[in-house]
Each structure stands twice: as C-alpha cells, then as structure tokens.
Amino acid sequence: MIGVFDSGYGGLTIFKYIEKKLSQYDYLYLGDNARAPYGDRSQDLIYQYTKEAIDYLFAQGCDLIVLACNTASSMALRKIQQEHLPKFYPGKRVLGVIRPLAEAVASLPKNRIVAVMGTNSTVESGAYINEFAEVDPSIKVIQQACPLLVPLIENSQEDQPETKIILTQYMQPLREQNPDVVVLGCTHYGFLEDLIKDYFGSEVNVLNSGQVVAAKLADYLERHSELVKKSTNPQRFFLTTGSSEKFDKAAKKFLGRNIESKTINL
Ligand code: DGL
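When we follow numbering that gives the first Met the number 0, the leftmost residue of the sequence shown carries the number 0, and every step to the right adds one.
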C-alpha cells in the first residue's frame, strides 16, 4: 500500500494525479488537518508532526510514503530519509515533491532562471535552492513566500478581486527578474494557475506538482517494483486528524470527487 501524507487537504491535488496514473495500487491518504497549516511552523515541529504521520502510516501497512506537501518535503524529508528510515524502517521509502519538480525543470529547454512560489517555511528552508544546486547548479533560483494564498484558497476566495491583488504583489518581484519557469511550490497554488499563467505570459512555463510527481513516482515504481505490490482490488482510504465532515467536503474541491474519511489521532 502507498501512503500519501499532507498537512491537510492540499495533498489531494497531488493524489488526484497519482491515483489516476497508478490506479492499480492501494492508497492510504492522511491529512493532518488538526495541526494545519504547516506553512508558518518551525522546522522542529514540522519534522515532529511529519515523523508521527509516517510512523502511523507505516504501522497501517504502507510500504512507501509520498510526502505530498511542499512544506513537509522541505522541512522534514531529508532528516527522515537520513536518520529516521535507516534506524526504524530500513526497507521502506519516503519520497517528496521537491526533487521531482527540480528534475522536471532541469529537463526543460529553457530554465536559466526559475521562480519558486511557496509557503514561508518552504522558502525559508532553502530546499528548492538545495535541490536545484544538486540537479543543475547552472539554474538560478529566485523565491517568493506567499503566505496569504493557502487561507484564501481554503476559504474559496480564488475569484475575489483581493486575491488577484495579493497574488500580483507576490508575483511582481519575480516577474521583474524575468524567470523562464515558475514552480508552484505549494499544493494549493494550482487553483490560481490560470491567473499566474496570464500574469507571466505564454513564454514562461508554469509548472504544477501533481502531474510531475505522479510521472516520477510511476518511473520510480517501475525501477523498484519490489517495494509495493499492485492490488487486484485497489482500495483508497482517507484519514484526517481533523473533522471528517469538513475533510469530505473539501475533498470535493481538492480531489474532485466524493469520499468518506475517518478521523484519527496522531
Ligand atoms: N500543503 C502545504 C504545502 O504544499 C500547504 C498548506 C500548509 O501550509 O500546510 O506547502
């Protein structure tokens, strides 16, 4: 079974593409809604929360976990891969969303300057800068924290004029530096993709995580087919640390279909 973890609803936008591309697997999605958003939290807390979620998902029988959250991938993934997994789960894997995006950008023909939009924590962590430095050090990364976007999107304010004003304020300093690529480095920003694309113009490639992460995961599972078994009767389970009623309602927007989640405590 594949575990998918996010601070809340946002990871559903990535899971949507994963389950479509890799439909033959069982999935267990966990959203830590009771403690979301993670975007303004300290590294210690994000690591602690993510570790608890991972322990829970492995205890439920997951073989591999995708951190479908930019903030958790930025702040917790490295330490989990380097310290927690080797010590407690040597045969298991945890993957994030940042490396796949960096690799996808590196393969684009025009990628001299890459603008990353993300939460405060994602930007402060420098995770995108570090990944790009490893994947292709010639790429210049510029970043912009956009802390007001997650609450606006969760409150369905995408079409409000204030949202456009706030978004423009975030994008302006990036556009001034003429990026070739814009990375939507947060699970929620796909809901603003059209506005972002319009603002930067057709010359600029705007990259969203869902498709990229699903394609990279498919590739990874092809190379490591021993890690997770395919299922003859694939199941999807949804867990939240918050209200299951609210989660099911939000899933309509973030996943695009009806689900029934269960509340758990971490
Ligand atoms: N899922 C988070 C991310 O992709 C956004 C929501 C949060 O701040 O918890 O960065």
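All C-beta atoms in this analysis are idealised placements derived from N, C-alpha and C, irrespective of residue type, glycine included.
Could you check what DSSP says for residue i in three-state terms: helix, strand or coil?
i	result
I1	strand
R40	coil
L265	coil
Y24	coil
Q143	strand
T231	coil
V205	strand
G30	strand
G184	strand
L238	strand
Y8	coil
N257	coil
L125	It should be pointed out that residue 125 corresponds to Gly in this sequence rather than to Leu. Note: G125 maps to coil in three-state DSSP.
I138	coil
L151	helix
E221	helix
A35	coil
P160	helix
P178	coil
G200	coil
L191	helix
L166	helix
L173	helix
L226	coil
With hydrogens ignored, establish whether the beta-carbon of residue i is closer than 6 Å to any heavy atom of ligand 1.
i	result
G38	yes
V212	no
T240	no
T12	no
T70	yes
P6	Correcting the residue type first, residue 6 is Ser in the shown sequence and not Pro. The answer is yes for S6.
G267	There is no way to answer for residue 267, as the model of the chain reaches only from 0 to 265.
V93	no
A35	yes
C185	yes
V182	no
V227	no
T287	The question about residue 287 has no answer, for the chain in this structure spans 0 to 265.
T262	no
T162	no
V149	yes
Y167	According to the sequence displayed, residue 167 carries Thr and not Tyr. Outside the cutoff, so no.
T118	yes
Is residue i near residue j, with beta carbons less than 7 Å apart?
i	j	result
Y55	L265	yes
V65	V3	yes
I1	Y16	no
G184	V115	yes
L206	L166	no
V180	V113	yes
T12	F253	yes
I258	A250	yes
P99	K215	yes
A10	N32	The sequence given here places Gly at residue 10; Ala does not occur at that position. No, the pair does not count as a contact, with Cβ atoms beyond the cut-off.
D247	S260	yes
A101	E130	yes
Original post:
At what residue ranges does the segment 56–121 contain a whole run of the beta strand (DSSP E), taking only runs of 3 or more?
Top reply: Runs found: 63–66, 92–94 and 112–117.
Original post:
So does the segment 96–115 actually touch the segment 129–148, counting three or more Cβ pairs closer than 8 Å?
Top reply: Contact between the segment 96–115 and the segment 129–148 is present, because at least three Cβ pairs lie under 8 Å.
Original post:
Can you find at least 3 beta carbon pairs, one from the segment 55–66 and one from the segment 158–177, that sit closer than 8 Å?
Top reply: At 8 Å Cβ cutoff, the stretches do not touch.
**OP:** Take every Cβ of the segment 34–45, pair it with every Cβ of the segment 106–125, and state whether three or more of those distances are shorter than 8 Å.
**Re:** Judged by Cβ distances under 8 Å, the segment 34–45 makes contact with the segment 106–125, as three or more pairs qualify.
Original post:
Quick one: any contact between the segment 39–53 and the segment 242–258, if contact means 3 or more CB pairs under 8 Å?
Top reply: With the cut-off at 8 Å, the segment 39–53 and the segment 242–258 do not touch.
Original post:
With contact counted as at least three CB pairs below 8 Å, one residue from each stretch, are the segment 226–236 and the segment 200–214 in contact?
Top reply: No, the segment 226–236 is not in contact with the segment 200–214.
Original post:
Counting Cβ pairs closer than 8 Å, one from the segment 144–152 and one from the segment 183–190, do we hit at least three?
Top reply: With a cut-off of 8 Å on Cβ pairs, the segment 144–152 is in contact with the segment 183–190, counting three or more such pairs.
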